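All you need for my numbering is the position in the sequence shown, starting with 1, plus 175. Quick reminder that beta carbons are idealized off the backbone N, C-alpha and C, glycines included. Just so we're clear, the structure is a prediction, and the values are computed from it rather than from any experiment. Here the structure is laid out as structure tokens; the discussion comes afterwards.
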Amino acid sequence: MLKKNLSVYWLIILLGGLFWSRALLSITVVAWAVMSLFQAIKIDTSFFKSRIFIWSLAPLCLWLLGAWQDPFGKLNYDYFLTLTAYPAIVIIIQATPKKIIENQWVKIWLLATVIGLSYPLFWYLKDFAAVHKAYGTGQSLPTFMDTDHVRFSIFLCSSFLFILSTNLLKKKIKLILGSILFFFILFLSVRTGWVLLLSIVCLFSLISFIQSKKRKLSHLLIGTCFLFSIITLAYFVFPNMQQKMAYSIWEYRQYKPGNFNPDFSDGTRRSINDAALQYVQNNITANTGWQAVSPTLQSAFLTYFNHPSTAFGWPFNQWLFWWMGSGWWGMILFSIWLFYPLVRSFHQNNLGIICWTVAIALSCLVETTLNYQYGVLLHVLPLAILWKFSATSKSDNS
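And the structure:
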């Protein structure tokens, strides 16, 4: 019994680490991956030639483009360890039977979503007046994952994607659960989550409509109107959503190019990205290496904003990070790697992978999502599961 449900227990521990302990998360991924590696070798060694496994190894090769500049730099190896989650998670998914993932993993993932949502909801009900005031100053509800509300919103969007793209649930149940989760993501008022949520809904609906043999334009228009009606309703129902939008508009108007105010969240992001962009534009062939990204950004910040320093060591954009660290050629190779699952999924008709690849890419425009342990895990785990679901040949069976 224990052996049969071992992967289920591993997943529960992994989700516990995801919510409460980075150390537990790392240890779980490493231990589980090592065990799964031996298991995968016994099952089918051809897996190591599969596209998904080669794709998962590619970031480790691309990492070298920003590591050779300072071979002994500590930050280089911190980033390398973060990227090792790609092959580790892919190996884990390979060693787990598809039926267990479909029938047990997805249910556990959705249950974890309920548990995760209960925490910010508790804080909201405890003192909603204080919460509304906090949203009016750019703050958000506390969440698990070390209060990393951006990565937590990505986790919620992955749950929403599982509801949409798996056949585990009946249509009525999917509609009910999907609608509830949709409202909760709007309720949390994390703008990255909003963007990912809307991109998933719009892409999934549009591609499904195009592929449908009985498509009617009127159905698409009705669905679009219904979607925006729900968003409008949520705006008037959730005061924190109103506060977040009002603050965002106010701060946007305060921003002045060339000036920096550390009290403004979005203004800080724009300033740091502006400094990074101006640096790479003036140093097209610059590839500082991962170790030197932070001091280079600090120097560029002083140059372009006449400000002594910033508390952030990376630009808030994944492409700018790769451009600074590995050069423009590294940035292009990173882009090819990131969007490869999307290209493949058009041939496999896997809407889930298409939606998730686009959603993660959108998050990378305003966050270095794939520099973080949480971000990498939330990118690769749903993608690897959906890839396994869509596998149609032995070479792609993963």
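For residue i, the three-state DSSP class (helix, strand or coil)
i, result
"E542", "coil"
"L556", "helix"
"M506", "helix"
"Q244", "coil"
"V365", "coil"
"T532", "helix"
"F327", "helix"
"I459", "coil"
"K569", "No answer about K569 holds up, because its pLDDT of 42 lies below 50 and its placement is not dependable."
"G550", "helix"
"D219", "coil"
"S484", "coil"
"P262", "helix"
"D302", "coil"
"W489", "coil"
"N415", "helix"
"N278", "helix"
"K273", "helix"
"P470", "helix"
"T312", "coil"
"T203", "helix"
"L343", "coil"
"K431", "coil"
"F297", "helix"
Exposure of residue i, with buried meaning 16 or more beta-carbon neighbours within 10 Å
i, result
"L472", "buried"
"R326", "buried"
"I266", "buried"
"T312", "exposed"
"T318", "buried"
"S354", "exposed"
"I560", "buried"
"S570", "Here S570 scores only 44 on pLDDT, less than 50, and its place in the model should not be relied on; the value that follows carries that caveat. Flag for S570 reads exposed."
"T271", "buried"
"T367", "buried"
"I447", "buried"
"F213", "exposed"
"W243", "exposed"
"F476", "buried"
"T443", "buried"
"L408", "exposed"
"I276", "buried"
"K301", "exposed"
"F297", "exposed"
"K347", "exposed"
"P432", "exposed"
Beta-carbon separation (whole angstroms), residue i vs residue j, contact threshold 8 angstroms
i, j, result
"V533", "L378", "6 angstroms"
"S510", "L371", "S510 to L371, Cβ: 19 angstroms. No contact."
"L517", "I535", "10 angstroms between Cβ atoms; not a contact."
"L316", "L363", "6 angstroms"
"S328", "I375", "Rounded, the Cβ-Cβ distance is 12 angstroms, inconsistent with contact."
"L352", "L344", "7 angstroms"
"F480", "F435", "4 angstroms"
"L526", "I405", "Not a contact, Cβ separation roughly 21 angstroms."
"M499", "A450", "Actually they do not touch by this definition, with Cβ atoms about 10 angstroms apart."
"I283", "I187", "6 angstroms"
Residue from the options whose Cα sits closest to the Cα of residue i
i, options, result
"N251", "P234, P262, I264 and A263", "P234"
"F514", "W298, C530, G433 and Q548", "C530"
"Y549", "L199, L181, W185 and V183", "L199"
"I264", "P295, G248, L239 and I229", "I229"
"I216", "V183, I227, K249 and Q269", "Q269"
"L545", "W238, W185 and T203", "W238"
"W512", "W185, L232, V183 and I188", "L232"
"D441", "L350, L477, W562 and P490", "P490"
"L256", "I276, F384 and R197", "R197"
"K419", "Q453, V365 and I397", "V365"
"I397", "L553, S380 and S387", "S380"
"Y547", "S387, P432, Y261 and F357", "Y261"
"L558", "S182, W185 and I227", "I227"
"D321", "K301, I348 and G291", "G291"
"Q453", "Q466, P437 and S474", "S474"
"L240", "K563, V551, S501 and K431", "S501"
"L540", "R445, K273 and F357", "R445"
"V281", "S182, E542, T399 and D253", "S182"
"V551", "S201, N180, F384 and Q386", "S201"
- Taking 8 angstroms as the threshold, find out whether the segment 409-424 comes into contact with the segment 296-311 through three or more Cβ pairs. With the cut-off at 8 angstroms, the segment 409-424 and the segment 296-311 touch.
- Item | the segment 518-529 / the segment 494-505 touching (three or more Cβ pairs under 8 angstroms) | As far as the Cβ criterion goes, the segment 518-529 does not touch the segment 494-505, which means the pair count is below three.
- Do the segment 276-292 and the segment 186-201 make contact, defined as three or more Cβ pairs closer than 8 angstroms? Per the Cβ contact rule, the segment 276-292 is in contact with the segment 186-201 (3 or more Cβ pairs under 8 angstroms).
- Are the segment 458-476 and the segment 417-433 touching by the rule of at least three beta carbon pairs closer than 8 angstroms? The segment 458-476 vs the segment 417-433: no contact.
- Looking at C-beta atoms only, is the number of pairs between the segment 206-215 and the segment 476-491 that lie closer than 8 angstroms three or more? Touching, no.
- Task: Take every Cβ of the segment 328-347, pair it with every Cβ of the segment 444-464, and state whether three or more of those distances are shorter than 8 angstroms.
- Result: Counting C-beta pairs closer than 8 angstroms gives fewer than three between the segment 328-347 and the segment 444-464, which falls short of the contact rule.
- Message: Across the segment 218-227 and the segment 492-499, are there enough close Cβ pairs to call them in contact, namely three or more that are closer than 8 angstroms?
- Response: No contact exists between the segment 218-227 and the segment 492-499.
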